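Here's the structure, in structure tokens; my notes come after.
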Amino acid sequence: MYYTLIAIIHSAMLSYLDRVDKSLMLFLNFDGSPCMDLFWYQYSRMPAWILLMIVLVMSMIYYHPGKTKDKVLMIVFIALLITACDQISSGLIKPWVARLRPSHCPEIEHFLHYVNDYKGGQYGFVSSHAANMVAIVTFLCCTFRDKRTRISVILFAVLMCYSRIYLGVHYPGDILCGAVIGFILAYYGYKLLKNKLGLYTTDICPKAINYTLYLTWAGLLWWALMHTNI
48 MYYTLIAIIH SAMLSYLDRV DKSLMLFLNF DGSPCMDLFW YQYSRMPAWI LLMIVLVMSM
108 IYYHPGKTKD KVLMIVFIAL LITACDQISS GLIKPWVARL RPSHCPEIEH FLHYVNDYKG
168 GQYGFVSSHA ANMVAIVTFL CCTFRDKRTR ISVILFAVLM CYSRIYLGVH YPGDILCGAV
228 IGFILAYYGY KLLKNKLGLY TTDICPKAIN YTLYLTWAGL LWWALMHTNI
């Protein structure tokens, strides 16, 4: 009797959360404009951020006060962190939970707005985009204490997460849970391995990171404006 009651409550809670998630999805996903479509589509694609990722790595190496060995270990940690986020989210949780993306859900798929017919793979829980980006941003915030830098990179992650909702391929719940995974892995990994791997914290403002981020935002917006009539 006790276990049956727990199962009923558990099922009711999941059903309620699913309804809330779908309602939020329908509210946050909308047909903006051709300009917005292009902006969010390109924002969500990793090629747009290759330059930023290169600058991030170079800046972290440049400001690292340790020896070459410590710098190499830091880069290895970042690579392993991203790999762990990707494998846990896409390789483990998605096939295990097997929750359909909103773009493949018969209940709401026809009410959503899509861009360039992009609908993603079959399963979407959790978002690997959210896990990876939040992990990177969390690591950056642990490394650079400069307030402007933290605000900039957090905004970068928030916009990346929203782009997945705008494109209709992730529920807000997919994003939230992916972000939690990325944060936990990055934050506690940093705290536990900081001394062993030669990780560091600095008050320096990494201007190259901020300027590259601002220029990429401006470039994406300009590109979207130039290729549409709004």
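Throughout, the working numbering is defined as the position within the sequence shown, counted from one, plus 47.
Beta carbons: idealized from backbone N, C-alpha and C, even for Gly.
Being a predicted model, the structure only gives us computed values, none of them experimental.
Is the CB-CB distance between residue i and residue j below 7 Å?
i    : j    : result
F186 : A226 : no
G32  : G245 : Here the chain comprises residues numbered 48 to 277, so residue 32 is not present and cannot be evaluated.
R197 : C188 : yes
V102 : A255 : yes
Y218 : M60  : no
N179 : C224 : no
P253 : F172 : no
T275 : L99  : no
C208 : I231 : no
S210 : Y90  : yes
R148 : V67  : no
A271 : C82  : yes
Run through DSSP, which three-state label would residue i get?
i    : result
Y63  : helix
T249 : strand
L147 : strand
F77  : coil
F172 : coil
Judging by CA-CA distance, which residue of the options is the nearest neighbour of residue i?
i    : options                   : result
L206 : C188, D193, V181 and T196 : V181
I228 : R211, S150 and V184       : V184
N242 : K118, E156 and R146       : K118
F77  : L127, C224 and F158       : F158
S62  : R146, F124, L128 and L139 : R146
H160 : W87, P94 and Y109         : W87
I125 : V216, F74 and Y247        : Y247
Can you tell me the Cα-Cα spacing of residue i and residue j, whole angstroms?
i    : j    : result
E154 : T130 : 33 Å
S137 : S174 : 8 Å
M278 : L239 : Outside the shown range of the chain, which is 48 to 277, sits residue 278, and nothing can be said about it.
E43  : D84  : No statement about residue 43 is possible, as the shown extent of the chain runs from 48 to 277 and does not include it.
Y213 : P142 : 23 Å
I140 : V123 : 24 Å
P94  : I53  : 46 Å
Y109 : S58  : 51 Å
K69  : L75  : 10 Å
L128 : K116 : 18 Å
Y261 : K194 : 16 Å
M107 : M121 : 9 Å
L64  : G220 : 9 Å
I135 : W269 : 36 Å
G7   : R92  : The displayed coordinates of the chain run from 48 to 277. Any statement about residue 7 would go beyond what the structure contains.
Within 10 angstroms of its Cβ, does residue i collect 16 or more other Cβ (buried), or is it exposed?
i    : result
A177 : buried
N163 : exposed
Q169 : exposed
L202 : exposed
W96  : buried
D250 : exposed
M105 : exposed
Y165 : exposed
L267 : buried
S150 : buried
G79  : exposed
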